[in-house]
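Top line first, the protein sequences correspond to chains S and U.
Each residue of the first sequence is one higher than the one before, counting from 1 in our numbering.
Each residue of the second sequence is one higher than the one before, counting from 214 in our numbering.
No residue lacks a Cβ here, since even glycine has one placed at the ideal position from N, Cα and C.
Each remark here refers to the structure printed beneath this line.
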Amino acid sequence: MMDTSFRIVPCGDDALRIVSGPGRVRHHLAQYLAGLTDWLEIVLGKDDVTVVFDVHVLSMAAARRRLQAQVSDLPELTGTGGQLHLLNAVFGGTSGPDLDAVAGANGLSVEDVIEAVCGAELEVDMIGFTPGFAYLSGVPQSLKSQRLATPRMRVPSGSIGIITGQAGLYALEGPGGWPLIGRVTEALFDPHAVKPFRILPGDRVRLVAERGP
Amino acid sequence: MSITVLNPGPQATLQGAARQGLRQFGMPASGAADPLAHAIANRLVGRSPDATGMEITFGPASFRFERTMHAGIAGAETEIRIDGVFQPPGQTLHVPAGATLSFSPFVAGARAYLSVSGEMAATKSFGSASTYLPASIGGHEGRALRKNDSIAVSEVFSAPVVRMPMELRFALSHSYALRAVTGPDWQEGMQDQLGPFFVTQRLSRMGVEVEGGLAAISVAEMRPSSAVLPGALQVTPSGRGFLLLADGQTTGGYPHILQVIRADRHLLGQLRPKDRIQFLLRSQTESEAALLAKQKLLETWLPGFRL
Numbered sequence: 001m002m003d004t005s006f007r008i009v010p011c012g013d014d015a016l017r018i019v020s021g022p023g024r025v026r027h028h029l030a031q032y033l034a035g036l037t038d039w040l041e042i043v044l045g046k047d048d049v050t051v052v053f054d055v056h057v058l059s060m061a062a063a064r065r066r067l068q069a070q071v072s073d074l075p076e077l078t079g080t081g082g083q084l085h086l087l088n089a090v091f092g093g094t095s096g097p098d099l100d101a102v103a104g105a106n107g108l109s110v111e112d113v114i115e116a117v118c119g120a121e122l123e124v125d126m127i128g129f130t131p132g133f134a135y136l137s138g139v140p141q142s143l144k145s146q147r148l149a150t151p152r153m154r155v156p157s158g159s160i161g162i163i164t165g166q167a168g169l170y171a172l173e174g175p176g177g178w179p180l181i182g183r184v185t186e187a188l189f190d191p192h193a194v195k196p197f198r199i200l201p202g203d204r205v206r207l208v209a210e211r212g213p
Numbered sequence: 214m215s216i217t218v219l220n221p222g223p224q225a226t227l228q229g230a231a232r233q234g235l236r237q238f239g240m241p242a243s244g245a246a247d248p249l250a251h252a253i254a255n256r257l258v259g260r261s262p263d264a265t266g267m268e269i270t271f272g273p274a275s276f277r278f279e280r281t282m283h284a285g286i287a288g289a290e291t292e293i294r295i296d297g298v299f300q301p302p303g304q305t306l307h308v309p310a311g312a313t314l315s316f317s318p319f320v321a322g323a324r325a326y327l328s329v330s331g332e333m334a335a336t337k338s339f340g341s342a343s344t345y346l347p348a349s350i351g352g353h354e355g356r357a358l359r360k361n362d363s364i365a366v367s368e369v370f371s372a373p374v375v376r377m378p379m380e381l382r383f384a385l386s387h388s389y390a391l392r393a394v395t396g397p398d399w400q401e402g403m404q405d406q407l408g409p410f411f412v413t414q415r416l417s418r419m420g421v422e423v424e425g426g427l428a429a430i431s432v433a434e435m436r437p438s439s440a441v442l443p444g445a446l447q448v449t450p451s452g453r454g455f456l457l458l459a460d461g462q463t464t465g466g467y468p469h470i471l472q473v474i475r476a477d478r479h480l481l482g483q484l485r486p487k488d489r490i491q492f493l494l495r496s497q498t499e500s501e502a503a504l505l506a507k508q509k510l511l512e513t514w515l516p517g518f519r520l
């Protein structure tokens with residue numbers, strides 16, 4: 001059995017949050033809870049997993065007891081992470097309008113930044129915000145980057161944003177505040193596909209730089 | 214066999230059932246921003262609570278019925294006319310073929326719902342006909358309705374004329390008392406600053422920005438992202454609040470300090486700019502009692518509807 005002394009706190013009046021800390025334990029928890037039938041939604045956070053229950057069936061107290069019991073029965077963590085995706089990407093130019101600035105701020109060349117990002121195996125920490133938006137961890141901490149002071153109104157789908165330690169993949173076009181260094185050339189979200197979401201939590205990602213024209 | 218959009222107003226979309234189990238992929242529930250008003254509109258034409266209908270924002274708006282149908286309308290305060298003739302609110306309307314159904318600019322509330330005695334054609338996506346604009350899915354071509362759009366209506370039937378019971382008429386005003394429980398980022402000392410808040414001009418199906426209240430809020434640093442659900446009040450770095458609606462983001466990093474209780478959440482879809490909000494802090498037990506009481510009041514006339 002695992003150490004299951006996780007704190008469970010209410011998240012409003014129809015959801016509960018398991019504060020598990022970061023890392024793969026969240027994916028494990030979410031997968032385990034998805035196999036049970038009690039929870040309407042199971043949503044990963046950076047440090048937690050939140051479940052939504054049916055307020056017409058369970059009281060907060062009953063839901064909490066049930067979740068507590070399930071979590072204390074959590075089987076041992078197994079497996080070695082999800083599928084590995086190799087994603088082709090173009091960097092800089094109109095695809096990555098902030099690449100030069102990120103390189104400059106770090107005293108690096110553009111090639112150094114691309115190499116740092118493509119050299120790392122990234123892990124999909126969570127999917128959230130908007131459909132398919134992937135939060136990836138594993139970007140070298142030495143590469144500093146922070147949110148833009150003024151978010152862009154329109155970030156093209158496929159865009160790769162970075163803030164220190166992590167990358168974000170914009171599956172949909174929409175507003176966004178992460179500095180953009182490049183763009184994945186294949187669709188990350190296709191509502192008409194059999195598998196609409198290409199990347200799932202726990203998966204691993206390697207970005208492969210396509211040579212520019 | 215259709216309805217022609219003459220004027221959609223600032224935004225009109227087709228909305229049906231909420232999507233479920235997709236927040237793990239970043240996909241919100243969508244569906245009506247005010248599910249209660251949507252259910253009432255459907256009930257007026259004898260349809261199930263989340264049958265596909267039209268969500269109309271702010272008005273004015275107008276539609277031409279290309280064949281005779283019954284219509285049910287609920288939600289925002291607006292003057293409803295058929296070919297210019299004023300219609301009483303809260304009852305089934307008979308709309309003859311060729312007639313124009315119009316809504317005046319709404320005077321209270323932000324959204325009105327139009328249901329008809331037939332099936333409005335909508336594209337199902339992820340199990341629901343609800344339009345979700347950011348992903349261009351559901352509804353009519355995944356987008357808001359435009360002038361001259363034609364919404365096909367099939368399986369038209371004749372609905373008996375019914376009136377909504379007086380005790381179910383929730384009066385919409387410009388001032389709301391919204392009951393809320395504490396959110397995960399609640400801090401002691403906030404209980405004395407729960408209002409008034411005022412709705413700003415920033416408002417969509419994703420959420421409503423509010424300002425005021427919580428004058429001393431200085432906790433607006435980012436947190437590690439966690440799940441957020443409709444009804445969440447988050448505090449942004451600008452010191453304003455953001456209340457999430459049906460299309461709201463699934464995770465967020467701003468402090469989540471309050472959660473409007475399930476029983477009152479339907480009202481969020483009716484907030485309009487300058488509306489005044491006072492939050493009333495409730496315990497979990499009080500929230501459960503409030504839900505039971507409202508659910509009991511509603512279910513005699515709205516069978517199958519769940520707040």
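Note that the segment 215-230 of chain U touches the segment 324-341 of chain U; at least 3 beta-carbon pairs, one per stretch, sit closer than 8 Å.
Contact check for VAL139(S) against LEU122(S) passes: the beta carbons are separated by less than 8 Å. In the structure shown, the three-state DSSP call for ILE42(S) is strand. With respect to the C-alpha of ARG154(S), the residue from TYR170(S), PRO22(S), GLY165(S) having the closest C-alpha is TYR170(S). The Cβ atoms of GLY128(S) and THR463(U) lie closer than 8 Å to each other. Shown in chain order are the members of the segment 109-132 of chain S whose Cβ falls below 8 Å from a Cβ of chain U: MET126, ILE127, GLY128, PHE129, THR130, PRO131, GLY132.
The beta carbon of GLU186(S) does not come within 8 Å of any beta carbon belonging to chain U, so the residue lies off that interface. Contact annotation for ILE350(U) against chain S: PRO191 [CB-CB distance below 7 Å, chain order]. Around GLY45(S), the same chain offers MET126 as residues with beta carbons nearer than 7 Å, after the five sequence neighbours per side are excluded. Taking VAL71(S) as reference, the option from LEU16(S), ARG24(S), LEU29(S) with the minimal CA-CA separation is LEU29(S). Between the segment 487-501 of chain U and the segment 379-392 of chain U, the count of Cβ pairs shorter than 8 Å is three or higher; the stretches touch. Listed along chain S are ILE127, PRO131, GLY132, PHE197, each with a C-beta nearer than 7 Å to that of PHE238(U).
Within chain U, SER439, ALA440 have C-beta atoms less than 7 Å from the C-beta of THR50(S), given in sequence order.
Counting the other Cβ atoms within 10 Å of the Cβ of PHE455(U) gives 16 or more, which makes it buried. SER439(U) is not a Cβ neighbour of THR344(U), given a cutoff of 8 Å. At a cut-off of 8 Å between C-beta atoms, VAL394(U) counts as an interface residue with respect to chain S. Taking a C-beta cut-off of 8 Å against chain S, the contacting residues of the segment 443-460 of chain U are GLY444, ALA445, listed in chain order. Apart from sequence neighbours up to five positions away, the residues of its chain that approach ARG152(S) with a beta-carbon distance below 6 Å are GLY176, ordered along the chain. Only exposed fits THR513(U), as fewer than 16 other CB atoms lie within 10 angstroms of its CB. Flagged as an interface residue toward chain U: ARG17(S), by a C-beta distance shorter than 8 Å. Under DSSP, GLU268(U) forms a beta bridge with THR226(U), TYR326(U).
CA-to-CA, the gap between ASP73(S) and TYR32(S) works out to about 10 Å. Interface flag for HIS56(S) against chain U is set, since a Cβ pair is found closer than 8 Å. Here the alpha carbons of ALA357(U) and GLN414(U) stand approximately 20 Å from one another. In chain order, ALA287, GLY288, TYR326 place their CB closer than 6 Å to the CB of ALA250(U), counting only its own chain and leaving out the 5 sequence neighbours on each side.
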